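All the letters of the sequence shown, read from the start, carry residue numbers 1 to 475 under the UniProt record's numbering. C-beta atoms are modelled at their ideal positions from N, C-alpha and C, and glycine is treated no differently. Keep in mind it's a predicted model, so treat the numbers as computed, not measured. Only one structure is covered here, and it is reproduced in the block below.
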Amino acid sequence: MTISILWFRRDLRLADHPALLAAVESSDEVLPVFVRDPALLARGGVRVERLDASLAALSADTGGALVIRTGEPAEVIAELAESVDAAQVHVSRESTPYGRRRDDWVRERLARGGRELVETGSPYAVGPGRVLNKSGEPYRVFTPFARAWHDHGWPEPGGRPDDIAWAADPDPDAGASNNADPGSPDADRAVHGAAKGGDGSAGRGGEAGEQAALARWRAFLRDDLSSYGDQRDRPDLDTTSRLSVHLKYGEIHPRTILAELADHPAAESESARRFVTELAWREFYADVLWHWPRSAWRDLRDALAGMDYDEGPETATLVEAWQQGLTGYPFVDAGMRQLRAEGWMHNRVRMVTASFLVKDLHVWWPSGARYFLEQLRDGDLASNNHGWQWVAGTGTDASPYFRVFNPVTQGVKFDPDGDYVRRWIPELAHLAGAAAHEPWRSADGYDYGYPERIVDHAEERRETLRRYERARGDG
Ligand code: FAD
């Protein structure tokens, strides 16, 4: 009887799972394992809650076979491999700087015992690092990357193995306190509880696990894909797929999405093309992080290395107002309140709130990126930190630094009836239509305690441009 280990990480599903298929083929039984790594748990409040929900679902899907341990991964995995005498530990290939370092340690530690870490597949349609230009160089600009990514293509989804023979936990007592019991009320809350929207209603796409991810994807395909091209920028309509959190935990593989989309009657529509482009952004940012791991927390392009940013107690007070959704700019505040309540924010609003921190409050982007990662349930180092750099003008095909989002006109354009603002800011619920975006224009605009603007956007825009010119040596 041979046993291999499948070590789950950002791939918490059983279907279309290349590493699982490789594990099943390589041995008689598979021990499914998840390691709660203190180095990662320490960083993410809402993400840990969402992770637990996903693990509870996966545990149920494996009939309770999932072994969950807490500890340093190299030690935990090596000990488990020794106790079941697994020659191979199967994983999906990781592409974040920490994930790669950690896997190197695990590989070395396993090799000492004559065991092997086997990497098959990744959380992406095309593994980061594989799409190169004709000279064998990585891409730094999205559009040519997306073209080459598409031309590269990806294999068909791998299906779900029938009747996987799961191996028994070699030391059930060691994991008892860590394992989510799939039948317990706590686990049920974990699976479904993270679903709630800020107002207590069932949030779209909030449920965890593989079945929830598939259901969300298919509901989007049925109900919202056709309007995606026109409506994806409208936070008030809220009709984007909400798949980011499912993709974050690998509850669905992007290949599954791309294959089902390709078979759909609307596959050639503008909406479908637009949706594939958004998935390509996710792949692009993972690829950039693979090639330039330092870009996680440093400017990818150093053209703005000389930029002046603000810090100190006065700035801290402004940042606090931004975090709490109390800047006095309704579109920004609605987004920041949605983030705190739902652990999710619409893409358009992510851009505008990020721009406000960098260009109205003059704060260096990593501080905002860190806050987003703490708050987002879909918090993903590559998409988040490169999304911030795009806004800040320091990243790949960044929007030029001198392009400053106007938080009021953005709101009026993308939330034309003010519904999004009123949904998140009860102090403005009395203002009808687009008036909710400009309470300073209504005599009763501040009657219910909404704060005055903490900065003057026009003045801060000018200040940003002055700093930009100085940093470029033009000032
Ligand atoms: P849809 O519009 O339905 O898009 C489908 C999928 O495409 C998304 O689930 C996502 O996987 C991918 N996608 C869409 N837009 C982008 C994009 N601009 N960059 C990369 N992938 C994209 N996305 C995250 O998954 N995690 C993050 O931590 C994150 N932080 C961001 C921070 C900032 C400042 C910005 C500007 C964007 C960030 N994004 C992040 C990208 C984007 O905002 C979210 O992926 C999107 O809002 C998720 O909602 P959805 O699933 O309904 O998107």
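**Asked** Under 8 angstroms, do S122 and S92 count as touching if we go by C-beta distance?
**Response** yes
**Prompt:** For the segment 75-114, which segments carrying the beta strand (DSSP E) assignment without a break, of at least 3 residues, lie completely within its bounds, in sequence order?
**Reply:** 88-91
**Request:** Examine the ligand FAD and report whether any of its heavy atoms sits within less than 7 angstroms of the Cβ of E270.
**Result:** no
**Request:** Starting from I68, follow its DSSP beta bridges and name the residues at the other end.
**Result:** F34
**Prompt:** Given G395, which residues of its chain have a CB within under 6 angstroms of its CB, disregarding the five upstream and five downstream residues?
**Reply:** L300, H386, Q389
**Message:** I want to check one thing, is the minimum distance from the CB of N133 to the heavy atoms of the ligand FAD below 7 angstroms?
**Reply:** no
**Request:** Could you tell me which of L431, W322, R470 sits nearest to V455, measuring between CA atoms?
**Result:** W322
**Beta bridge counterpart(s) of F8 as assigned by DSSP** = F34
**Residue closest to P161, alpha-carbon to alpha-carbon, out of K359, W440, A15, F284** = A15
**Prompt:** Cβ-heavy atom distance between Y285 and the ligand FAD below 7 angstroms?
**Reply:** yes
**Prompt:** Does the distance from the C-beta atom of G445 to that of L465 stay below 8 angstroms?
**Reply:** no
**Request:** Specify whether the segment 72-88 and the segment 224-235 touch according to this definition: at least 3 beta carbon pairs, one from each stretch, less than 8 angstroms apart.
**Result:** no
**Asked** What are the uninterrupted segments assigned as beta strand (DSSP E) that are 3 or more residues long and contained completely in the segment 307-345, given in chain order?
**Response** none
**Prompt:** According to the Cβ coordinates, are S241 and D378 closer than 8 angstroms?
**Reply:** no
**Message:** Between which residues of its own chain and D397 is the CB-CB distance below 7 angstroms, once the five residues before and five after are set aside?
**Reply:** V141, F142
**Asked** Heavy atom of the ligand FAD less than 7 angstroms from the Cβ of K248, yes or no?
**Response** yes
**Message:** Here's a check: name, in chain order, each residue in its chain whose Cβ is nearer than 8 angstroms to the Cβ of F356, leaving out the five neighbours to either side.
**Reply:** W322, T327, Y329, V332, F405, P407
**Asked** What do you reckon, is the C-beta of F34 under 7 angstroms from a heavy atom of the ligand FAD?
**Response** no
**Request:** Going by DSSP, name the residue or residues bridged to A278.
**Result:** The displayed chain sequence assigns Glu, not Ala, to residue 278. DSSP lists no partner for E278.
**Prompt:** Could you give the distance in angstroms between the alpha-carbon of V349 and the alpha-carbon of V89?
**Reply:** 41 angstroms
**Asked** Quick one: what does DSSP say V118 is sitting in, helix, strand or coil?
**Response** strand
**Message:** Mapping the DSSP letters down to three states, classify I454 as helix, strand or coil.
**Reply:** coil
**Request:** State the Cα-Cα distance for the pair Y124 and A471, rounded to the nearest angstrom.
**Result:** 37 angstroms
**Prompt:** Run through DSSP, which three-state label would E460 get?
**Reply:** helix
**Item:** DSSP-derived helix/strand/coil call for S201
**Value:** Its pLDDT being 33, under 50, S201 is placed unreliably in this model, and the coordinates cannot settle the point.
**Message:** Let me check you understand the geometry: is the CB of T240 closer than 7 angstroms to at least one non-hydrogen atom of the ligand FAD?
**Reply:** yes
**Asked** For the putative contact between P400 and G411, defined by C-beta atoms under 8 angstroms, what is the C-beta separation to the nearest angstrom?
**Response** With a Cβ gap of about 22 angstroms, P400 and G411 do not count as contacting.
**Cβ-heavy atom distance, M351 to the ligand FAD, below 7 angstroms** = yes
**Candidates L225, E29, T317, W297, of which the one nearest E278 by Cα** = L225
**Request:** Kindly list the residues whose CB is nearer than 6 angstroms to the CB of P451, restricted to its own chain and excluding five residues on each side of it in sequence; keep chain order.
**Result:** L326, G328
**Request:** Go through its chain and collect everything with a Cβ distance to T256's Cβ below 6 angstroms, but skip five positions before and after it.
**Result:** D16, P157
**Request:** May I have the straight-line CA-CA distance separating R370 from D163, to the nearest angstrom?
**Result:** 42 angstroms
**Asked** Helix, strand or coil for W390 per DSSP?
**Response** helix
**Message:** To the nearest angstrom, how far is the alpha carbon of G209 from that of E469?
**Reply:** 49 angstroms
**Message:** Using the Cβ count rule (16 or more neighbours within 10 Å means buried), how would you classify K359?
**Reply:** buried
**Request:** Spatial neighbours of E374 within its chain, please: CB distance less than 8 angstroms, with the 5 preceding and 5 following residues excluded, ordered by chain position.
**Result:** R43, G44, G45, V46
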